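Here the structure is laid out as structure tokens; the discussion comes afterwards.
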Amino acid sequence: MEFWQGASAVCVNDQRQLLMVKQGTPEEVKTWALPGGGKNKDETIEECCVREVWEETGYIARAIRELHVKHTQIEPFRVQVHYILIEIVGGNINIQDPDDLLSEWNG
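Our numbering runs 11 ahead of the 1-based position in the sequence shown.
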């Protein structure tokens, strides 16, 4: 069984709103999710999280700490998702990712 590893960013602003992205292919119903995605071979899980936040939101983030690791199986993969608490240190909402995402704060 193949192994897939990724990260999801958990970020709450001063208004107690959670940073979310709306995603899905053009044929799919769009759903809200945490910014995140798959880890590249040459990066740490924290670097993956920071990169995915920038790609999906345009924000520059700093990883603070790991909150949780979820282990599951989605055939043919063993899946491991690391939930990382982040803080925004710069940037503005400006989607870099080609996946046609929408980002906003939800509270």
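We treat Cβ as the ideally placed atom computed from N, Cα and C, and that holds for glycine. Fair warning: this is a prediction, and the values are worked out from it, not measured in the lab.
For residue i, the first and last residue of its enclosing alpha helix (DSSP H)
{"i": "V64", "result": "56-68"}
Anticipated Cβ contact below 8 Å, residue i with residue j, distance rounded
{"i": "L96", "j": "I71", "result": "Rounded, the Cβ-Cβ distance is 16 Å, inconsistent with contact."}
{"i": "T42", "j": "G35", "result": "6 Å"}
{"i": "V80", "j": "W15", "result": "That pair is no contact at about 13 Å."}
{"i": "T68", "j": "L30", "result": "7 Å"}
Where residue i falls, given that 16 or more other Cβ within 10 Å makes a residue buried
{"i": "W125", "result": "No information on residue 125 is available, as it lies outside the stretch 12 to 118 that the chain covers here."}
{"i": "T83", "result": "exposed"}
{"i": "V40", "result": "exposed"}
{"i": "E63", "result": "buried"}
Residue i to residue j span [Cα, whole Å]
{"i": "A44", "j": "V32", "result": "5 Å"}
{"i": "K52", "j": "V21", "result": "22 Å"}
{"i": "G47", "j": "H93", "result": "9 Å"}
{"i": "V23", "j": "F88", "result": "31 Å"}
{"i": "R27", "j": "I99", "result": "14 Å"}
{"i": "E86", "j": "A18", "result": "19 Å"}
{"i": "G102", "j": "R73", "result": "12 Å"}
{"i": "E58", "j": "E38", "result": "31 Å"}
Extent of the continuous beta strand (DSSP E) run through residue i
{"i": "M31", "result": "29-34"}
{"i": "V21", "result": "13-21"}
{"i": "Q26", "result": "Note, Q26: premise wrong, no beta strand (DSSP E); not H, not E."}
Strand pairing of residue i, partner residues [DSSP]
{"i": "I85", "result": "F88"}
{"i": "E98", "result": "R73"}
{"i": "V40", "result": "DSSP, once it has assigned bridges, lists no residue as partnering V40."}
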